[in-house]
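In the numbering used here, the protein residues as written are 1114 to 1307. Input: a single structure, listed below in structure tokens.
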Ligand code: PAN
Ligand code: ZN
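Put into structure tokens, the structure is as follows:
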């Protein structure tokens, strides 16, 4: 993990660059992906999820962590690309999480594509915010967040969150969100999660 170059003086070239297509470039950029196999448990239609190709990529994440995870006061930058697709009538989506520290907020900003930011409070009240190029979303620290791609093209969004936020995936894995975003006659609708 690199630290900030405090002993340098003068003019430096950027360490990481964003291209306006959305993605990041630079040796410090980390990449990860989630396939249908990784995400099988989160979709409602278990039979369809099991029948699908487990290697099919649902989303990719690039991240730049200029400080170590857990350091107070730092910020991370992420770029998520969700492929278009569905499992049954449910749109491809991110796993979703609470921040381990429920006081740590986050920004999401949409670069391209169409989607829905699904948010849930601590009483399981769940709602959606439409995402399209330029939409900016402030996610309060106590809200779980997940994104679904409701369009026919990849959905790309930027995220910025505190380096000491941490991620609580277990609560979502066990209890899910209060509602699911389903395709109902070609339109996205939030359906209460049984
Ligand atoms: C984002 C997410 C990213 C992938 O950077 O981590 O979109 O979603 P999951 O983490 O739920 O798999 C973010 O919210 N960071 O805090
Ligand atoms: Zn987050």
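Every residue gets a Cβ at the ideal spot worked out from N, C-alpha and C, and that includes glycine. No experiment lies behind these values; they were computed from the predicted model shown.
key: Closest residue to residue 1205 among 1286, 1262, 1121, 1141 (Cα-Cα distance)   = 1262
ask   = Beta carbon of residue 1219: closer than 7 Å to some heavy atom of ligand 1?
value = yes
query = Exposed or buried, residue 1249, counting other C-beta atoms within 10 Å across all chains shown (16 or more means buried)?
reply = exposed
message = Quick check on DSSP: helix, strand or coil for residue 1154?
response = helix
Bridge-paired residues (DSSP) for residue 1204 = 1199
ask   = So, helix, strand or coil for residue 1159, using DSSP?
value = helix
request  = Answer with buried or exposed for residue 1125, where buried requires no fewer than 16 other C-beta atoms within 10 angstroms of its C-beta.
outcome  = exposed
message = If you reduce the DSSP assignment to three classes, tell me which class residue 1149 lands in.
response = helix
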